[in-house]
Amino acid sequence: MTYDIVIRGGTIVDGSGAPRYQADIAIEGDRIASIGRIPEKGTEEVDARGLIVSPGFIDGHTHFDAQISWDPYGTSSCYHGVTSVIMGNCGFTLAPCHPDDQDILMRTLEAVEDIPAAAQRVGVDWTWQTFPEFMQFLQDKPKGINYGGYVGHTALRTYVMRERAFTDPASDEEIGQMAEILKEGVQAGGMGLSTTRSPAHKTREGAPVPSRLASWDEVRQLVMALSEINRGVVEISGEPTMGQDPDDPNHYERRFRDLAIDSGRPMFFPALHSRRAEPGTWKRFFDRAQEAAGEGGRMFGQAHSRELCTNWSWRTEMPFDRLSMWRDIRKLPLDEQMTLLQDPDVVEQLVHIANTEEEDFSRVMPAQARKPSDWDWVFILDHVDGTPNRRLGEVAREREEDPVKTMIDVGVEQALDTLYMVPLANENQDTVLEIMREPRSLVTFSDGGAHVSQIMDSSLQTHVLSHWVRNSGEVTLEQGVKYLTWDMATAWELPDRGLLRRGYKADMILFDLDTVGPERPTVEHDLPAGQRRLVQKARGYHMSIVNGGITMRDGEPTGVTSGQVLTSV
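Next comes the structure, spelled out in structure tokens:
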């Protein structure tokens, strides 16, 4: 017989954590047909000698709900070995949605997730109203990777309550309606419920997004609706009670634990990280997760593999763009900005304004560029190989000048192509490793498809391989791959994925461990309506196979769209 594809001589890291071994893999249709020494030929023969063959990576925290309309591959995630994503996190989805509420949801995605409404208005194919109709849209859409999606609480609340969702508590009847629509969506294939209670999530006007107005009882009733059908997972962003008295019975982590126990559904908390100001608070979550496990509850924290950063760029956004004089200059073409930023008088005025003019941050999102509290925690992103970059504060002291002037001068020296990296969390990499190693930690949280001009964390999977596995040696290759594959498939209850096993879906990647690594992000204007975003590619990935189709070769899409829809079980 002849197989569709035979991959020969690769080093197999199967996702389970078991030791690597050398073997061939045969693919027939969308599944793995055989693993071992395979004498039969393949219609396509792939020489994998010297390469690692592993399951494709799974990213459980993305926001590709809009981008899927114009980009089947989920860039930049696909550049980093990702073959499956879960979108619709934090309650922000485009379904369900009444036709005349489309602009409300698009503006909410723009405000919270930095997905330009102008790009959405041009690019989104609005062919649905209900969530089952959205699932049909997703099924029909060409896909270069596998996509699953939550039923988002903000969309759900807006669908039932319309404009009152942004101002009022829900009635018992309205909560009941939401519960029924949620169950309908999950039974149609939705991954479960996502919601947010985080004060960081607000509209352009600074008001809470709808899910933040929900009582805990409303959240509880929705989660228990999933318990009724024993289907779907739950993702809940944090709330202000985090960091307060952990002995308070109403404390968020305790309520989270109790709901995990009572519902029996897997529950995820994003993003579990450490901050300089509160270095050990993350440990409490895992204490509650351990307690829950003893009573039948499943709690997982979504963790990152490095610093969680915002990025400043003269080609996107800088921290003083909303101040006088700055905002006028920043509206000009870059070549005109370059000329003005070389004028000593102009620079002196800009530095003075940056240091003296106050700004109202009530409408500014956490990921937006803003004046830092400590310039030593602003890094000039010269490279992305995991070695330290220059601290802008240190460079300013070396030059004996104000850090704002240094920021401007470095930009001019680099033709305004500078990227400045500002960690929001996970500043201590020893703590990052400690969090990753927790048994109820899931290494995911790229925010792919969101914060498109502010954050570029799609490389977190590549960072596991290049930094933690190869450069530092703190994580074995087998454990690093398991973090990104089987651990993810297990938590999200994805059958037949996350392992290289006969009969499993043929989602796999081939990479060179000696060279794999992230490239420096670039600013591209490739969104619909010419809108801008950060893009980050990688080196060292030779091939991605999704359901038996070769979708990526040498880091670039092939045009094959063999992706499938991931559904709840």
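In terms of this note's numbering, the sequence shown opens at residue 870 and continues consecutively.
We put the beta carbon where it would ideally sit given N, CA and C, even for glycine.
Quick caveat, the model's predicted, so the values are computed rather than measured.
Taken through DSSP and simplified to helix, strand or coil, H1411 comes out as strand. Following the DSSP letters along the chain, one finds D893 inside the beta strand (DSSP E) bounded by residues Y890 to E897.
Using a Cβ-Cβ distance cut-off of 8 Å, the stretch 875-888 and the stretch 921-934 are in contact, since at least three pairs of beta carbons, one from each stretch, lie closer than that value.
In this chain, the beta strand (DSSP E) harbouring V922 covers I921 to P924. Restricted to the stretch 1189-1243, the alpha helix (DSSP H) segments that are unbroken, complete and at least 4 residues in length are 1195-1199, 1203-1209 and 1213-1225, listed in chain order. The straight-line gap separating the alpha-carbon atoms of Q989 and H967 is approximately 16 Å.
At the C-beta level, D893 and R906 come within 8 Å of one another. When V1102, D1086 and E1226 are compared, the shortest CA-CA separation from G1166 is found for V1102. Shown here for L1141: same chain residues with a beta carbon closer than 8 Å to its own, the five before and five after excluded, namely W1151, F1154, G1170, Q1171, A1172, I1304 and S1310 in chain order. Rounded to the nearest whole angstrom, the C-alpha separation of R1124 and V1092 is 12 Å. R1089 is not a Cβ neighbour of L1025, given a cutoff of 8 Å. With a contact defined as Cβ atoms closer than 8 Å, F1000 and A964 qualify at about 5 Å. When secondary structure is reduced to three states using DSSP, D983 falls in the coil class, being assigned neither helix nor strand.
As the crow flies, the alpha-carbon of T1023 is around 33 Å from that of Y1289. Comparing alpha carbon positions, the residue from I973, W997, Q998 and N1416 closest to A987 is I973. Judged by their CB atoms, E1388 and R1402 are not nearer to each other than the 8 Å cut-off.
In chain order, I984, Q989 and V993 place their CB closer than 6 Å to the CB of A935, counting only its own chain and leaving out the 5 sequence neighbours on each side.
Under DSSP, A1294 forms a beta bridge with L1177. Looking at the backbone, the Cα of T996 and that of N1015 are separated by about 20 Å. Between G1058 and V1434, the gap from beta carbon to beta carbon is short of 8 Å. Inter-residue distance for A1039 and G1021 is about 16 Å (C-alpha atoms, whole angstroms).
Shown here, D1086 sits in a helix according to DSSP, grouped into three states.
When the Cα atoms are used, E1263 and M1276 turn out to be separated by approximately 12 Å. Shown here, I1050 sits in a helix according to DSSP, grouped into three states. Secondary structure at L1288: strand, using DSSP grouped into helix, strand and coil. The Cβ-Cβ distance between I1249 and R1239 does not fall below 8 Å.
Rounded to the nearest angstrom, the gap between the Cα atoms of L1203 and K1406 is 24 Å. Each of A1360, D1423, E1347 and M1412 was checked against the Cα of M1168, and the nearest Cα belongs to A1360.
A buried status is given to P1079, since no fewer than 16 other beta-carbon atoms sit within 10 Å of its beta-carbon. Assigned with DSSP and collapsed to three states, T1359 falls in helix.
Within the stretch 1371-1436, the beta strand (DSSP E) runs of at least 3 residues that lie entirely inside it are, in chain order, 1377-1380, 1391-1393, 1402-1404, 1410-1415 and 1418-1422. Of all alpha-carbon atoms in M1004, T1208, G929 and R1191, the one lying nearest the alpha-carbon of E1227 is that of R1191. A Cβ-Cβ contact shorter than 8 Å links L1062 with Y1019. Segment contact: the stretch 1409-1416 against the stretch 944-959, three or more CB-CB distances shorter than 8 Å; contact assigned. Taking the CA atoms as reference points, A895 sits about 13 Å from I1419.
Burial check for P941: the Cβ neighbour count within 10 Å reaches 16 or more, so the residue is buried.
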